[in-house]
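Working notes for the structure below.
Number of protein chains: 2
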Amino acid sequence: MAKNVALHLIKRPSGGPINHDMFERKESETPALKDNEFLVKQTHMSLDPAMFGWMTDDRESYIPPVELGDVMRSSGVGEVVESNNPNFKVGDRVMGMMGWQQYAISNGQGLNKIEAPVSDEQVLSVFALPGLTATQGLLKVGQPKSGETLIVTGGAGSVGSIVGQLAKAEGLRVIGVVGSDEKADWIVNELGFDAAINYKTDALEAKLDELAPDGIDVYFENTGGPIQHHIFSRMNAHGRIVVCGLIADYSKAEPAPGPSWLNVIKKRLRIEGFTMPDHFGEIPELLQLLTPYVMSGKIKHRAHVLDGLDSAVEGLNMFFTGENKGKLMVKL
Amino acid sequence: MAKNVALHLIKRPSGGPINHDMFERKESETPALKDNEFLVKQTHMSLDPAMFGWMTDDRESYIPPVELGDVMRSSGVGEVVESNNPNFKVGDRVMGMMGWQQYAISNGQGLNKIEAPVSDEQVLSVFALPGLTATQGLLKVGQPKSGETLIVTGGAGSVGSIVGQLAKAEGLRVIGVVGSDEKADWIVNELGFDAAINYKTDALEAKLDELAPDGIDVYFENTGGPIQHHIFSRMNAHGRIVVCGLIADYSKAEPAPGPSWLNVIKKRLRIEGFTMPDHFGEIPELLQLLTPYVMSGKIKHRAHVLDGLDSAVEGLNMFFTGENKGKLMVKL
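Here the protein sequences come in this chain order: A and B. Position 164, counted from 1, in the first sequence is what the working numbering calls 164; the numbers after and before it change by one each time, with no gaps. Position 184, counted from 1, in the second sequence is what the working numbering calls 184; the numbers after and before it change by one each time, with no gaps.
If you want it as structure tokens, here you go:
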């Protein structure tokens, strides 16, 4: 038993920023453990763009929304502090869906033990959703070939930064689109991208012409926004577009139109969307693809760590403003 | 030697209808045959939407445009009437690219002999570009599964009518979008489609809701136009969109925007374009897939035959107006 604190979703967003009115803070004693259950004290919880979808009651979404009144959904890392489950002992570190709360009770389903000597930050930045998403999207959907040119929007984001590094490791020329000079500097000078575009200050068309004079073969889309049309019109024949996120449209009542499909015919393009819940069964395989790159030092990360449960609310808005520098997470 | 008549392209279209000013009619004597050459008297020539691309000087197009001054490009069927080539004898029937002219000289490259007892109309309607395009697009790109729902725009067109019949033969539920009640009647009562939508007169959203209450799995796009967005918003998870043609946009200076990619993520859609020139090497395999369906009577066709070389010019505009009833071709 422990004193739990949790944020419950009580109001859905309807466009515009996320605010504290949408959540209720509840304190409670954790209940006594049943057979096979164990209690996890969460140490870091992850903030991800997918959460906007979870907060919205969109029947068309690929996973059900968080019900009003329920603890907000999130993944995290924690330590077992009490256990009635022989497979999870006190002191074990685990990762999985734990929600916006200090303590979570589990029977083990959907939680994975962390055996390797990696930090919470590395787990949430690389081995959890961002790294799996980047690996599935780039290697399985994007089918990159050495020598090709890849452009990734949200290039300094949690997924984009890994996509770019994986693509470099696969021998591609990599351009990242970012929203600040600081991020541009980071992806080029720290992560090894070939070039960066600051979509807020650069002349997009001229810059794209300069950086991709021979066109673009793989376009990994995390953001949407006006640059989408400029990139699309520069796709090479047989180009592949991996649609992973459209953060620019998540807070809009009406999404911006996409490009005409005329180029889809002329260039024989493939535009393909994916989401990780379809591929949870393939996680072992994805980790096998990703881990060697991490172990050989080819995948660097940067965590942007907020402090305390309440900071999660404001933290989500950083996805719209682009203020976050690296993978967003909350230290509990 | 024979008296040839040909239409040469002398002016490119710039949006709007095709007219006689764009062509020059030239009469000439066919030159003497060189070694290995033979002379074909064309009997029927095909009119295809791809011709708009060939007439336009679009450097991004997948095959080079017709040069100004050259005979307009087209495929056709004909009979060998003189030969210096041991493989093509006088009396042989051949199909291939022959151009807008009465007589064509060839060394055999790109021409195929027609050995089977099929009419010119059947060759151009089923075994040539339309049937190959439908087979490649539906079976290879669309990956249809029995029990799924398919919608095809241009459902009474040369490609669309074959797509729908192939899909029926594969066990799908098939809806065709057409531009007249006569065509709707034809595809449902003659070709066996499950239903038709007249995009000019039906209330599109209500009709789609009625005919596809469980959504759409495969969307074979031949036309574009406003119905595109309504179909797109009804795609099921893991749906496939085969982009084969956008005739509604070919005559516009600025193509209409496409749908937002938000649904591409939510529904994990694949949008893929293709054109036959990439797959000419696979024609034997495609014919192997197609022929059994034709031979068992599952692929019916309807030819819309215009009379005489000059009728080709006006004929092309029928693709915009939708006046043609069946595969357009010109009898010479």
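Every residue gets a Cβ at the ideal spot worked out from N, C-alpha and C, and that includes glycine. Quantities reported herein were computed from a predicted structural model and do not represent experimental measurements.
Look at the segment 257–276 of chain B: the residues with a C-beta under 9 Å from a C-beta of chain A are Pro257, Gly258, Pro259, Ser260, Trp261, Leu262, Asn263, Val264, Ile265, Lys266, Lys267, Arg268, Leu269, Arg270, Ile271, Glu272, Gly273, Phe274 and Thr275. The Cβ of valine 163/B sits no closer than 9 Å to any Cβ of chain A.
Nearest CB-CB separation between proline 64/B and chain A: not below the 9 Å threshold. Neighbourhood of aspartate 278/B in chain A, by CB distance below 9 Å: Ala237, His238 and Arg268, in chain order. Within the segment 35–49 of chain A, not one residue has a Cβ closer than 8 Å to any Cβ of chain B. Only Ile241, Val243, Cys244, Gly245, Leu246, Asp249 and Tyr250 from the segment 239–252 of chain B bring a Cβ to less than 9 Å from some Cβ of chain A. In the structure shown, histidine 301/A falls within a coil segment according to DSSP collapsed to helix, strand and coil.
Contacts with chain A at 9 Å (Cβ-Cβ) do not include glutamate 323/B. Under the DSSP assignment, leucine 287/A falls in the alpha helix (DSSP H) whose first and last residues are 283–295. When only Cα atoms are considered, phenylalanine 232/B and proline 259/B end up about 7 Å apart.
Rounded to whole angstroms, the gap between the alpha carbons of phenylalanine 23/B and glycine 315/B is 14 Å. For glutamate 182/A, the three-state secondary structure derived from DSSP is helix. Contact check for asparagine 36/B against asparagine 84/B passes: the beta carbons are separated by less than 9 Å. Histidine 44/B sits close to aspartate 120/B, with the two beta carbons spaced by under 9 Å. Interface annotation for the segment 215–226 of chain A against chain B: Glu221 and Gly224, criterion Cβ-Cβ distance under 9 Å. Separation of the CB atoms of leucine 172/A and threonine 201/A is rounded to 25 Å, and the pair is thereby denied contact status at 8 Å. Sixteen is the threshold: when 16 or more other Cβ atoms of the shown chains lie within 10 Å of the Cβ of serine 106/A, as they do, the residue is buried.
In this chain, the alpha helix (DSSP H) harbouring alanine 169/B covers 158–169. Taking a cut-off of 8 Å on C-beta distances, the segment 299–312 of chain B touches the segment 112–131 of chain B, as three or more cross pairs fall below it.
Ranked by Cα distance from proline 117/A, the options Val94/A, Lys331/A, Leu39/A and Asp70/A are led by Val94/A. For tyrosine 250/B, the enclosing alpha helix (DSSP H) has its first and last residue at 247–250.
Rounded to whole angstroms, the gap between the alpha carbons of aspartate 21/A and leucine 246/A is 25 Å. By the beta-carbon neighbour count (other beta carbons within 10 angstroms, threshold 16), leucine 68/A is exposed.
Within chain A, the residues Ser260 and Leu262 have their CB atoms less than 7 Å from the CB of proline 255/B, given in chain order. Taking a 10 Å sphere around the C-beta of phenylalanine 280/B, we find fewer than 16 other C-beta atoms and assign the residue as exposed. Relative to glycine 308/B, the option among Val330/B, Asn324/B and Ser296/B whose CA is nearest is Val330/B.
Going by DSSP, methionine 45/A is part of the beta strand (DSSP E) stretching over 38–46. Nearest C-alpha to arginine 268/B among Cys244/A, Gln102/A and Asp249/A: Cys244/A. In this structure, the beta-carbon distance from tyrosine 199/B to valine 177/B falls below 9 Å.
At a cut-off of 9 Å between beta carbons, aspartate 58/A contacts chain B.
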